[in-house]
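A short worksheet on the structure shown next.
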Amino acid sequence: MIPFVVAGGVLLAISVLLSGRAAVPSEGVLADIANIGITGLGLMVPILSGYIAFSMVDRVGLAPGIIGGMIASNIGAGFIGGIFSGLLTGIVVYYLKKIELPIAFKSLMPIFVIPLLGTLIVGGIMYWIIGRPIALVMSTMTGWLETLGSGNLLILGLILGAMIASDMGGPINKVAFGFGSAMVGTINSQTGLPSTTALTIMAAIGVAICIPPLGMGLATLIAPKKFTEEEKTSGKAAIVMGLMGITEGAIPFAASDPTRCIPANIIGSSVGSAIAITFGAGNPAPWGGWIVAPVVQRPLVYLIASIIGSIITAAVVVITKKSVQSDDVKMETDDFDLELEIL
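Heads up: the sequence shown at position 251 corresponds to 251 in the UniProt record's numbering, and the numbers run straight through without jumps.
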């Protein structure tokens, strides 16, 4: 799903950026680029649905899963509808595969019977039973996000930042990132663009993504005596990964000292996200770090938010972390005491 949203979102953002107006270009090469981007974004939900089905029942689930996802997209059920469609397809196809046919007709199961019946059942359930209620939920959620005041947006930014930094690429991180990506992939029918709130949410997430590795890398530069040689080397790599929007660059530090590094990451990312969302940065590309800065709305806000968050993370780590030298001295003293006791 993510490559489709990244390609589509960035191409759409580039076309709008080059046109000089906050609207989809209506003619020329820029309009063609925008349409390519919109097509990519439109494939997000069908591909999500299809590959959920694929993960459950292998290739035979792709056709009904993708078609079910397209139905979810067309009726406005969004990514929630796509998730439901994929799971439904997996269940339906699982039981269809249990149908026993005469040996002469078994070869028809994967190429005719299952795609036909699976698509009919999944499509029918999406159209006539569950799709509309899911679309209503999505519409209500989107409307609620659009009406959030600055105070509520601030809280949302704090929560999203904490989720992104809490496990650095793990399940909690993926939930927050998936939410932001799905919002960017939801096109406003009137403007042809993602909503302003969707872009703001993704900007907050994009800032939070880069803060843990940037903060840890910065900490190794500010207080090198508090890190091992291996950690200092990892710090240089973490800075590069942070700029590229790869949160996992902070994992070596969190693994070696979780009680200090993880809270520092959460604090810095929460503050950075809150700044980005409060001052209206917008990110049309479902990615993070400085690599997306050229297409970000209010890029200065985006960059300042990530810098402030990184400084906070680095400061918390430097203040709370003990120096490596003092730890080594303590270990040597402990060994000496132990030897005296043995003697």
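Idealized CB from N, CA, C, for every residue including glycine.
Assigned exposure category for residue i - 16 Cβ within 10 Å defines buried
i, result
"Phe112", "exposed"
"residue 365", "Nothing in the structure corresponds to residue 365, since the chain is present only between 1 and 343."
"Gly143", "exposed"
"Ala274", "buried"
"Gly8", "buried"
"Asn265", "buried"
"Asn152", "exposed"
"Phe253", "buried"
"Leu156", "buried"
"Glu230", "exposed"
"Leu41", "buried"
"Pro133", "exposed"
"Ile239", "buried"
"Pro102", "exposed"
"Asn251", "According to the sequence provided, residue 251 is Ile. The question's Asn does not apply to it. Looking at its Cβ environment, which holds 16 or more other Cβ atoms inside 10 Å, Ile251 is buried."
"Pro258", "exposed"
"Ser306", "buried"
Short Cβ contact (8 angstroms threshold) for residue i with residue j
i, j, result
"Met216", "Gly235", "yes"
"Gly78", "Ala198", "no"
"Arg298", "Gly282", "yes"
"Pro115", "Ala63", "yes"
"Val292", "Gly178", "no"
"Gly268", "Ile312", "yes"
"Val5", "Pro286", "yes"
"Thr228", "Val93", "no"
"Val295", "Tyr302", "no"
"Ile277", "Ala204", "yes"
"Thr247", "Met168", "yes"
"Leu88", "Val122", "yes"
Beta-carbon proximity list for residue i, same chain, < 7 angstroms, skipping 5 on both sides
i, result
"Leu30", "Ser15, Leu18, Ser19"
"residue 344", "Past the boundaries of the shown model lies residue 344; the chain is included only from 1 to 343, so the question cannot be answered."
"Ser270", "Leu158, Gly161, Ala162"
"Asp335", "Interpretation of Asp335 is limited by its pLDDT of 49, a score under 50 that renders its predicted location unreliable; the figure taken from the coordinates is listed afterwards. Cβ neighbours of Asp335 beyond the five flanking positions: none."
"Leu117", "Leu96"
"Ile172", "Met163, Ser166"
"Thr196", "Gly282"
"Arg260", "Val317, Thr320, Lys321"
"Gly131", "Ile71, Ala72, Ile75, Ala77, Gly81"
"Ala237", "Gly249"
"Glu339", "Confidence is the limiting factor: at Glu339 the pLDDT is only 47, short of 50, which leaves the residue's position unreliable and the question unanswerable from this model."
Residue nearest to residue i in terms of C-alpha spacing, selected from the options
i, options, result
"Gly272", "Gly86, Met163, Thr89", "Met163"
"Val175", "Ile66, Phe4, Ile83", "Ile83"
"Tyr127", "Gly69, Gly61, Val292", "Gly69"
"Val60", "Thr39, Ile75, Leu96, Asp257", "Leu96"
"Lys225", "Ile130, Thr259, Pro294, Lys321", "Lys321"
"Gly76", "Met44, Leu303, Ile103", "Met44"
"Leu120", "Ile66, Val5, Ile172, Pro3", "Ile66"
"Lys98", "Ala104, Leu88, Met109, Lys232", "Met109"
"Pro3", "Val24, Ser26, Gly37", "Gly37"
"Ser73", "Thr89, Asp58, Pro46", "Pro46"
"Gly180", "Pro284, Asp257, Lys232, Ser85", "Pro284"
"Ile304", "Asp257, Ala237, Ala208", "Ala208"
"Asp58", "Ser26, Asp32, Ile91, Pro258", "Ile91"
"Leu154", "Leu300, Thr200, Gly170", "Thr200"
"Ile129", "Ser256, Thr39, Val24, Ser85", "Ser85"
Residues of its chain near residue i, where Cβ-Cβ distance is below 8 angstroms and the 5 sequence neighbours each way are ignored
i, result
"Val329", "Only weak support is given to the placement of Val329: the predicted model assigns it a pLDDT of 43, under 50, and the value that follows is read from those uncertain coordinates. Contacts found: none."
"Leu221", "Gly235"
Cut-off 6 angstroms between Cβ atoms - residues of its own chain near residue i, not counting five sequence neighbours on either side
i, result
"Ala219", "Ala314, Val317, Val318"
"Val184", "Gly9, Pro194, Ala198, Met202, Pro286"
"Met56", "Gly90"
Notebook entry, point to check: Can we say the segment 6-16 touches the segment 50-61, given the rule of at least three CB pairs closer than 8 angstroms?
Noted result: Short answer: they don't touch.
Item checked: Validate contact between the segment 130-143 and the segment 63-81 using beta carbons, cut 8 angstroms, 3 pairs -> The segment 130-143 is in contact with the segment 63-81.
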